[in-house]
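There are 2 protein chains.
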Amino acid sequence: MKMINGVAGEALALADRAFQFGDGVFRTLRCDAGGIRFWARQYAKLAADCAALGIAAPPREVLEADIRQLAPQDGAIKLIVTRGESQRGYAVPDACTPNRVVQVSALPPVWPAEGARVRWCDIRAGWQPALAGVKHLNRLENVLARREWSDPAIQEGLLLDRDGHVLEGVMSNVLALSGRVLFTPRLDDAGVAGVMRSVVADVAARNGIAIREKVLTPAAVMAADRLYLCNSLIGLVPVRELSGQHWGVHALDSVLQAGLAVMTEEETWYSSEP
Amino acid sequence: MKMINGVAGEALALADRAFQFGDGVFRTLRCDAGGIRFWARQYAKLAADCAALGIAAPPREVLEADIRQLAPQDGAIKLIVTRGESQRGYAVPDACTPNRVVQVSALPPVWPAEGARVRWCDIRAGWQPALAGVKHLNRLENVLARREWSDPAIQEGLLLDRDGHVLEGVMSNVLALSGRVLFTPRLDDAGVAGVMRSVVADVAARNGIAIREKVLTPAAVMAADRLYLCNSLIGLVPVRELSGQHWGVHALDSVLQAGLAVMTEEETWYSSEP
Chain A
125 MKMINGVAGE ALALADRAFQ FGDGVFRTLR CDAGGIRFWA RQYAKLAADC
175 AALGIAAPPR EVLEADIRQL APQDGAIKLI VTRGESQRGY AVPDACTPNR
225 VVQVSALPPV WPAEGARVRW CDIRAGWQPA LAGVKHLNRL ENVLARREWS
275 DPAIQEGLLL DRDGHVLEGV MSNVLALSGR VLFTPRLDDA GVAGVMRSVV
325 ADVAARNGIA IREKVLTPAA VMAADRLYLC NSLIGLVPVR ELSGQHWGVH
375 ALDSVLQAGL AVMTEEETWY SSEP
Chain B
125 MKMINGVAGE ALALADRAFQ FGDGVFRTLR CDAGGIRFWA RQYAKLAADC
175 AALGIAAPPR EVLEADIRQL APQDGAIKLI VTRGESQRGY AVPDACTPNR
225 VVQVSALPPV WPAEGARVRW CDIRAGWQPA LAGVKHLNRL ENVLARREWS
275 DPAIQEGLLL DRDGHVLEGV MSNVLALSGR VLFTPRLDDA GVAGVMRSVV
325 ADVAARNGIA IREKVLTPAA VMAADRLYLC NSLIGLVPVR ELSGQHWGVH
375 ALDSVLQAGL AVMTEEETWY SSEP
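Line by line, the protein sequences are chains A and B. Those letters in the first sequence? Residues 125 to 398, by this note's numbering. Those letters in the second sequence? Residues 125 to 398, by this note's numbering.
In structure tokens form, the structure reads like this:
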């Protein structure tokens, strides 16, 4: 199911700058039984990412109307906002009207409850402070990183940055627990600051677990008491194995999951009456 | 005029990975009176860029047939090769058939014969050795850099890299003449290695002008005897002004232009009999 500017459609003009330059942003939302998790945060992040690129974000109610039309029950919803269409060349014309796309796909396979198996990627994450944190459509790095493994038993790969510090997963953010402090990489120069990362930070704060942004070395990650990955589709998933290092159940696993369940319920928006 | 996989078309499936991730490469060719400049080099670079991303490049004769169908006389031809279509997610399915697009646009305005006026961009070029040199579809940096100025009297902006070294123009490569040596930035960690850059290197070599890749500081660029920009549409254009620094005609200007004219004639492919 796909909708372009409020109308069912499967194809977009070649002139769209998303196709020509990756000139746009996107969001991935989880929808369960018609409830869209963390919709208010997702919209706020979409609007912030649009602003970072100088794209006019569609009003929230416009996107909500699109979603209502699609009436998803369970699925992964991808929202894409492009800068719009233009002639050849990087210059943006004065009149450039954003295109918005809403796609609904089946939810991906659940990651193992006992934890994810994870590898280190060879490719380094790029450096670009002007785009850091933004979930934009220039995602070749993620594509190349994901191509490094085909073993379905491996759920995720971790990326280092130019300086050899841990940055993020190919499709998730990383949190390393030490005592009662969750450390997560700074994303000033690279990476995507996911909505679920902000949710987990709030869950931690509510439950007396400190959360801090920090430069994380691979050694610090390997020495963590527990490692977690998060994104909007998987939620928060512990890591069972990373490159030969194994972790078992941690006392805070259930604290975090229970806190996340509470916050998920608080922050779910229903596009139609249940 | 646009052609998708050999058939006239204006729209591509949303499922195409170029739209979702910028997962593809492109080339910009100049066509004059039906002659496509440096076609053999352009195709070789397209194939190399496809290989760098693990995309199967369309055979040369297939693209030539597309171009013959379009029968352009004068124009800018953009060739795009995408990895193909897939479902949600970064993972590339085993069966992923590239899509190819050929677009013809009007040639952009000629840059002033007396030289271009150029500025320094604020945004830095990103660092990513895995993509360096490749003309891929992740071009948000170029878009943001081009948005920094709207004065039509300024033709180009120059980008520094993370380390503050001169990397390239938003849409061109840079060459700085000192004595009889043309220095051009190394592109190991960022930037696009344009076809015209390789042509100019050959023109220089033929005419007894040395060409060397080097780390170039902004100070070295400002102190150059002459500064040139090149790409496939503008050819080789001297810089008249960069941020208050002015350059006049240099004795080697005409040597380089004459050499380029010879090589252009040698390496033009006619898609139809003239």
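We put the CB at the ideal spot given by N, CA and C, even for glycine.
| Asked | Found |
| --- | --- |
| Buried or exposed, going by whether 16 or more other CB atoms sit within 10 Å of the CB of Q211 of chain B? | exposed |
| With distance defined between alpha-carbon atoms, name the residue in A:A300, A:T341, A:G159 nearest to G389 of chain A. | At residue 389 of chain A the sequence reads Glu, which differs from the Gly that was named. Comparing Cα positions, the closest option is A:G159. |
| Please report the straight-line C-alpha distance between E337 of chain B and A168 of chain B, rounded to a whole angstrom. | 21 Å |
| Provide the residue(s) that pair with F145 of chain A in DSSP beta bridges, ordered along the chain. | Paired residues: none, contrary to the question. |
| Can you name, in chain order, every residue of its own chain whose Cβ lies under 6 Å from the Cβ of E391 of chain B, other than the five neighbours on each side? | F162 |
| Anything in the region 186 to 213 of chain B with a Cβ closer than 7 Å to a Cβ of chain A? List those residues in chain order, please. | A200, K202, Q211, R212, G213 |
| Taking CB distances under 8 Å as the criterion, tell me whether M295 of chain B reaches chain A. | yes |
| Please list, in chain order, the chain A residues whose beta carbon lies closer than 7 Å to that of P217 of chain B. | Those do not exist, as P217 of chain B stays about 11 Å from chain A at its closest Cβ, beyond 7 Å. |
| Taking the C-alpha atoms as reference points, what is the distance between A215 of chain B and A277 of chain B? | 45 Å |
| Could you check how far apart the C-beta atoms of F145 of chain A and L261 of chain B are, in whole angstroms? I think they sit under 8 Å. | 7 Å |
| Excluding the five sequence neighbours on either side, which residues of its own chain have a C-beta within less than 8 Å of the C-beta of Q193 of chain B, listed in chain order? | M127, G130 |
| Where do the N-terminal and C-terminal ends of the alpha helix (DSSP H) with C174 of chain A fall, by residue? | 163 to 177 |
| Between the region 244 to 266 of chain B and chain A, which residues of the former have a C-beta closer than 7 Å to a C-beta of the latter? | I247, G250, W251, Q252, A254, L255, H260, L261, N262, R263, L264, E265, N266 |
| Rounded to whole angstroms, what's the CA-CA distance from M387 of chain B to L376 of chain B? Just pull it up for me. | 16 Å |
| To the nearest angstrom, how far is it from the Cα of L340 of chain B to the Cα of V258 of chain A? | 30 Å |
| Classify S396 of chain B: buried if its beta carbon has 16 or more other beta carbons within 10 angstroms, exposed otherwise. | exposed |
| Using the rule of at least 16 other Cβ atoms within 10 Å of the residue's Cβ for burial, across every protein chain shown, is M320 of chain A buried or exposed? | buried |
| Counting only Cβ pairs nearer than 8 Å, list the residues of chain B close to K126 of chain A. | L138 |
| What does W244 of chain A pair with, by DSSP beta-bridge criteria? | A:L282 |
| Could you give the DSSP three-state label for I191 of chain A: helix, strand or coil? | helix |
| Quick one: Cα of C155 of chain A to Cα of V226 of chain A, how far? | 13 Å |
| What number of angstroms, rounded off, separates the C-alpha of P236 of chain B from the C-alpha of L177 of chain A? | 31 Å |
| So, using beta-carbon positions, are P222 of chain A and P182 of chain A closer together than 8 Å? | yes |
| Decide if the region 307 to 320 of chain B is in contact with the region 363 to 373 of chain B; the criterion is three or more beta carbon pairs, one per stretch, under 8 Å apart. | no |
| Tell me whether M125 of chain B is buried or exposed, calling it buried when 16 or more other Cβ atoms sit within 10 Å of its Cβ. | exposed |
| How close, in whole Å, do the beta carbons of Q301 of chain B and A348 of chain B come, if the pair is a contact with beta carbons under 8 Å? | The identity of residue 301 of chain B in the sequence shown is Leu, whereas the question assumes Gln. Between A348 of chain B and L301 of chain B the Cβ distance is about 6 Å, and since that is below 8 Å, they are a contact. |
| Quick one: grab the DSSP three-state call for N297 of chain A. | strand |
| Determine, using beta-carbon pairs with one atom in the region 267 to 281 of chain A and one in the region 241 to 248 of chain A, whether at least three such pairs fall under 8 Å. | yes |
| Give a yes or no on whether 8 Å exceeds the smallest Cβ distance from C225 of chain B to chain A. | Residue identity differs from the one stated: residue 225 of chain B is Val in this sequence, not Cys. Yes, V225 of chain B lies at the interface with chain A (some Cβ there is under 8 Å from its Cβ). |
| Rounded to a whole number of angstroms, what is the C-alpha to C-alpha distance between G213 of chain B and Q197 of chain B? | 41 Å |
| Report yes if the CB atom of T308 of chain B is closer than 8 Å to the CB atom of I335 of chain B, and no otherwise. | yes |
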